[in-house]
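Structure first, commentary second.
Protein chains: 2
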Amino acid sequence: MKDRYLDFVNSPFGASVARSIGLPQPEVLRRHAQGRAEFDGIAAIGAGPSPTLFEPLLALLTGLGMTSVAHESALGWLPVAARHGAMSGRFEPRSPGAAPNDQVQALIFDATGITDSTQLHALYGFFHDAIRSVAKSGRIVVLGRQPQSCTSPRAWTAQRALEGMTRSLGKEARGGISSNLIQVEPGADIDGALRFLLSPRSAYVSGQVVHIDTTPVTQPADWNQPLAGKRALVTGAARGIGAAIAQVLADRGAHVIGLDVPQAQDALDQTMLALEDAWPSQGAHTAIVADIAAPEAPETIAAALLAMGGIDIVVHNAGITRDKTIAKMTEAAWDSVIDVNLSAQERIDDLLLDQNVLHAGGRIIAVSSISGIAGNLGQTNYATSKAGVIGRVQSMVEALRARGITINAVAPGFIETQMTARIPLGLREAGRRMNSMSQGGQPVDVAETIAWLASPACAGITGNVVRVCGQSLIGA
Amino acid sequence: MKDRYLDFVNSPFGASVARSIGLPQPEVLRRHAQGRAEFDGIAAIGAGPSPTLFEPLLALLTGLGMTSVAHESALGWLPVAARHGAMSGRFEPRSPGAAPNDQVQALIFDATGITDSTQLHALYGFFHDAIRSVAKSGRIVVLGRQPQSCTSPRAWTAQRALEGMTRSLGKEARGGISSNLIQVEPGADIDGALRFLLSPRSAYVSGQVVHIDTTPVTQPADWNQPLAGKRALVTGAARGIGAAIAQVLADRGAHVIGLDVPQAQDALDQTMLALEDAWPSQGAHTAIVADIAAPEAPETIAAALLAMGGIDIVVHNAGITRDKTIAKMTEAAWDSVIDVNLSAQERIDDLLLDQNVLHAGGRIIAVSSISGIAGNLGQTNYATSKAGVIGRVQSMVEALRARGITINAVAPGFIETQMTARIPLGLREAGRRMNSMSQGGQPVDVAETIAWLASPACAGITGNVVRVCGQSLIGA
Numbered sequence: 001m002k003d004r005y006l007d008f009v010n011s012p013f014g015a016s017v018a019r020s021i022g023l024p025q026p027e028v029l030r031r032h033a034q035g036r037a038e039f040d041g042i043a044a045i046g047a048g049p050s051p052t053l054f055e056p057l058l059a060l061l062t063g064l065g066m067t068s069v070a071h072e073s074a075l076g077w078l079p080v081a082a083r084h085g086a087m088s089g090r091f092e093p094r095s096p097g098a099a100p101n102d103q104v105q106a107l108i109f110d111a112t113g114i115t116d117s118t119q120l121h122a123l124y125g126f127f128h129d130a131i132r133s134v135a136k137s138g139r140i141v142v143l144g145r146q147p148q149s150c151t152s153p154r155a156w157t158a159q160r161a162l163e164g165m166t167r168s169l170g171k172e173a174r175g176g177i178s179s180n181l182i183q184v185e186p187g188a189d190i191d192g193a194l195r196f197l198l199s200p201r202s203a204y205v206s207g208q209v210v211h212i213d214t215t216p217v218t219q220p221a222d223w224n225q226p227l228a229g230k231r232a233l234v235t236g237a238a239r240g241i242g243a244a245i246a247q248v249l250a251d252r253g254a255h256v257i258g259l260d261v262p263q264a265q266d267a268l269d270q271t272m273l274a275l276e277d278a279w280p281s282q283g284a285h286t287a288i289v290a291d292i293a294a295p296e297a298p299e300t301i302a303a304a305l306l307a308m309g310g311i312d313i314v315v316h317n318a319g320i321t322r323d324k325t326i327a328k329m330t331e332a333a334w335d336s337v338i339d340v341n342l343s344a345q346e347r348i349d350d351l352l353l354d355q356n357v358l359h360a361g362g363r364i365i366a367v368s369s370i371s372g373i374a375g376n377l378g379q380t381n382y383a384t385s386k387a388g389v390i391g392r393v394q395s396m397v398e399a400l401r402a403r404g405i406t407i408n409a410v411a412p413g414f415i416e417t418q419m420t421a422r423i424p425l426g427l428r429e430a431g432r433r434m435n436s437m438s439q440g441g442q443p444v445d446v447a448e449t450i451a452w453l454a455s456p457a458c459a460g461i462t463g464n465v466v467r468v469c470g471q472s473l474i475g476a
Numbered sequence: 477m478k479d480r481y482l483d484f485v486n487s488p489f490g491a492s493v494a495r496s497i498g499l500p501q502p503e504v505l506r507r508h509a510q511g512r513a514e515f516d517g518i519a520a521i522g523a524g525p526s527p528t529l530f531e532p533l534l535a536l537l538t539g540l541g542m543t544s545v546a547h548e549s550a551l552g553w554l555p556v557a558a559r560h561g562a563m564s565g566r567f568e569p570r571s572p573g574a575a576p577n578d579q580v581q582a583l584i585f586d587a588t589g590i591t592d593s594t595q596l597h598a599l600y601g602f603f604h605d606a607i608r609s610v611a612k613s614g615r616i617v618v619l620g621r622q623p624q625s626c627t628s629p630r631a632w633t634a635q636r637a638l639e640g641m642t643r644s645l646g647k648e649a650r651g652g653i654s655s656n657l658i659q660v661e662p663g664a665d666i667d668g669a670l671r672f673l674l675s676p677r678s679a680y681v682s683g684q685v686v687h688i689d690t691t692p693v694t695q696p697a698d699w700n701q702p703l704a705g706k707r708a709l710v711t712g713a714a715r716g717i718g719a720a721i722a723q724v725l726a727d728r729g730a731h732v733i734g735l736d737v738p739q740a741q742d743a744l745d746q747t748m749l750a751l752e753d754a755w756p757s758q759g760a761h762t763a764i765v766a767d768i769a770a771p772e773a774p775e776t777i778a779a780a781l782l783a784m785g786g787i788d789i790v791v792h793n794a795g796i797t798r799d800k801t802i803a804k805m806t807e808a809a810w811d812s813v814i815d816v817n818l819s820a821q822e823r824i825d826d827l828l829l830d831q832n833v834l835h836a837g838g839r840i841i842a843v844s845s846i847s848g849i850a851g852n853l854g855q856t857n858y859a860t861s862k863a864g865v866i867g868r869v870q871s872m873v874e875a876l877r878a879r880g881i882t883i884n885a886v887a888p889g890f891i892e893t894q895m896t897a898r899i900p901l902g903l904r905e906a907g908r909r910m911n912s913m914s915q916g917g918q919p920v921d922v923a924e925t926i927a928w929l930a931s932p933a934c935a936g937i938t939g940n941v942v943r944v945c946g947q948s949l950i951g952a
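Order-wise, the sequence lines are chains A and B.
First residue of the first sequence: 1, per this note's numbering; consecutive thereafter.
First residue of the second sequence: 477, per this note's numbering; consecutive thereafter.
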């Protein structure tokens, strides 16, 4: 779970060794920490022709306490800022050797008005001038349209092209800088997605495309406690990523119902008690001991949750691996992985939805995996189950929309856990370094992404698969 | 362009060195060669519950001269075979140490009837028993349904899960064995897709998902000359992948109109003359010298093609690279790459379609790239253009459907060309080995995939992006 190489290259001696012999130099990622400002610094704004999001973007940045500077591609930003009484100025490209205080925290490009490939030139102008000015662990966000919702083939083409740009920028930026694309339907609320992708909470999310629809959004009264008053079921909550999810949801104000198997009861109890210790004002959380694969599990779980008045959030995190190549895999290894990771989720959700245990306006978030996207040697069972999880999410979007319920998946890449700590060193090092952050992610990175998708601000985000992989090289 | 390592590990001495120190052991891929049977050997058949494709599958295999054996999951195959008077038998799992003549050329699994995750078990049974029996350069094909066309969420989920299975099998199989998934709409004609994916012509296509719709198909009178009587425009035809495309299209019977820039005129002329030498019965092919990026190019090209009576196939292969990180990239490098690789295609196709230069029932095939999918360091311009090409393909599907025109993209991975020969050795070796074939592809692999999509048998294949990458590890 400890990345000794990361520590080494971030020591003065290690850094000079790494530089001189050309080793990867992963940055210690800035993550959110209690008592440290979540947002600060300057955002540089660029735009293509006819940008549409300056007003909500300016309102958001002002609300976050960030200032802005406008690149020459976005000079229309300045009158908007003036009208709102916000400080702004022109972006000046950083001269070589300039002091770090010339740096900006974020580059934000409004590409929503781009309707032809020739207009992509504006992206070149902005990122050519500005990319060297981004601080370490800074953020690149491109705002565009969903290609298939464009009315002309030329607009669809140009909007689809943005993916190639955003992903390439993520591979060039280095220094813990992430690069993501948000596809905004006209009139959609951008705050939920943009806050997250600008925040240190999204430290390990890069190279992703997030789509926001026009579902009306109720912004949380307190952005630090967006889940206040919500009840959240987390399966597999005893340890690892599940425990991190429980912690982050509790930190955001949720009452957590942690579920795990009987064998993990002690660890589960400790995890749940630790939540109470850390956030005493919220009182005790709830532990449910059950094997989700048992035939009676859906009934048992639904009954327990109904007795509390139902829930608002379901996080399907419980999962197992039984790795072997298909030729050597036992039938039991196949069946148990498919059942725990996929079929059990189906049975449980069917009952939670039939009996309205999950409230209208609720959230379902399922944990998929990079293996479900790319396939993996020795994991036919696991990859099949995790590809199925993506299918579940996509298949349920429309039926759940009528009830205001969103359903999304997160797909972790290489995350530092007890599971990955058992991988042989050579493979582990390859897994850690083969991404744009040159390091593995932490369980909290997955948990933050889930907590974000669970928030009221994400009412317009459904059917998305968000990888938490540091923009892993590995994909399909 | 020469992979010396591939030659080395396939020598007796090299093979023993590679085995003893654990080096990758790429297989010399079986490719189609004049005078060698394209199809032979045995296909082992597996199936989930309620398979729907036994009849067309049996007819196809019989037509190809292949025999079949039925796995216990597909015992319903035997009466179908008997009804058609086809030889068939039961599949017997290969015992350890059995002679190579126990091997099968292909594993084909009919998963179209799978409607629930619990039924995925049938895939385990078949591939567990059969994967060791596949000969080198053999084929794995799973036949399923398009998830989003399934009526129940459970069926959608299970069908989506097949992707994880197929991709994992591709990573486990080794020995030049490919693994692909075909999503078949009920009633769609499977011959075009299945023939290609069973053939040595698809040597470097693995880990792909191909979707077939129900558009009626006219099967070619001669499967070796499916493009007889067709005229095909190939841009960038002078050298490399473009020249290979011209050769393969000519081999399939097409009259090729090769286009390239004035600077490449000599090479273009030689390429076109070589076609005439190789296939003298087709007479002379046509060279057009033009810079596709020139403002007058669409008119020039359209006029030349109209004078011949129009065309049936357009292959947008011409492309350039001008690699630099965005901070160091010149404006000219950005503009020229976007223009040549993307905007010029748009201008040309608009005119070819407006003036009906491309006949009804025609084919458009555009060359994208792995960089357009995953993004690439130093290629913001190229990756943006190639992501845009994917957008073009997807955006034009519905408008072209009314005219019976299909549009698809191929996305090459690491292909051995003069361009990749200039990559420094270390990077080149990484690029070559980081895929399920442990080697780069050949230009002919891209060309064969394009010729396949151009054929009359592919009337039901449109809007697809087919990677020719040996199932590269790199993806998005």
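Using N, Cα and C, we set each Cβ at its ideal position, and we do this for glycine too.
Since the model is a prediction, treat every value here as computed from it, not as a measurement.
Check: DSSP state of B/Phe585 mapped onto helix, strand, coil; Outcome: strand
Check: B/Ile658 vs B/Val686 beta-carbon contact at 9 Å; Outcome: yes
Check: Bridge-paired residues (DSSP) for A/Thr67; Outcome: A/Ile42
Check: Inter-residue spacing [alpha-carbon to alpha-carbon] between A/Ile415 and A/Trp279; Outcome: 26 Å
Check: Beta bridge counterpart(s) of A/Asn180 as assigned by DSSP; Outcome: A/Val141
Check: contact_flag[the segment 217-236 of chain A, the segment 300-317 of chain A] where n(CB pairs < 8 Å) is 3 or more; Outcome: yes
Check: Touching by the beta-carbon criterion (3+ pairs, under 8 Å), the segment 911-922 of chain B and the segment 449-469 of chain A; Outcome: no
Check: Alpha helix (DSSP H) segment containing A/Ala387, residue limits; Outcome: 380-401
Check: Start-to-end residues for the beta strand (DSSP E) that takes in B/Leu853; Outcome: Element bounds for B/Leu853: n/a, residue is neither H nor E.
Check: Which of helix, strand or coil DSSP assigns to A/Val205; Outcome: coil
Check: Span separating the alpha-carbon of A/Asn376 from that of B/Pro502; Outcome: 18 Å
Check: Coil, strand or helix - A/Ala98 by DSSP; Outcome: coil
Check: Beta strand (DSSP E) runs contained entirely in the segment 261-317 of chain A, provided each spans 3 or more residues; Outcome: 286-289, 311-316
Check: Closer than 9 Å to chain B by CB, A/Gly14; Outcome: no
Check: Among B/Ala808, B/Pro771, B/Ser526, the one whose alpha carbon lies nearest that of B/Gly620; Outcome: B/Ser526
Check: Proximity of A/Thr380 and A/Ile423 at Cβ, strictly below 9 Å; Outcome: no
Check: Residue range of the beta strand (DSSP E) that includes B/His835; Outcome: 834-843
Check: Chain A within 9 Å of B/Trp553, Cβ atoms only; Outcome: no
Check: Closer than 9 Å to chain B by CB, A/Tyr124; Outcome: yes
Check: Proximity test, Cβ basis, 9 Å: A/Met308 and chain B; Outcome: no
Check: Cross-strand partners of B/Ala887 (DSSP beta bridge); Outcome: B/Arg943
Check: Inter-residue Cα distance where the pair is B/Pro932 and A/Val465; Outcome: 36 Å
Check: Under the three-state DSSP convention, the category B/Ser912 falls into; Outcome: coil
Check: Interface flag, A/Cys150 vs chain B, CB-CB below 9 Å; Outcome: yes
Check: Residues near A/Gly253 in its chain [Cβ-Cβ closer than 6 Å; skip 5 each side]; Outcome: Gln225, Leu227, Ala228
Check: B/Lys862: contacting residues in chain A (beta-carbon distance under 9 Å); Outcome: Ala161, Gly164
Check: As assigned by DSSP and simplified to three states, the class of A/Ala188; Outcome: coil
Check: For B/Gly490, the first and last residue of its enclosing alpha helix (DSSP H); Outcome: 488-497
Check: Selection of the segment 881-908 of chain B by Cβ proximity to chain A, strictly under 8 Å; Outcome: none
Check: Backbone CA spacing between B/Leu782 and B/Gln831 [nearest angstrom]; Outcome: 9 Å
Check: Closer than 9 Å to chain B by CB, A/Gln394; Outcome: yes
Check: Exposed unless 16 or more other CB atoms sit within 10 angstroms - verdict on B/Pro629; Outcome: buried
Check: Contact under 9 Å by Cβ, A/Ala155 with A/Ile114; Outcome: yes
Check: Interface partners of A/Ala383 on chain B, CB under 8 Å; Outcome: Gly640, Met641, Arg643, Ser644
Check: Check whether B/Ala558 and B/Val580 have beta carbons under 9 Å apart; Outcome: no
Check: C-beta contact flag for B/Val833 and B/Ala769 at 9 Å; Outcome: no
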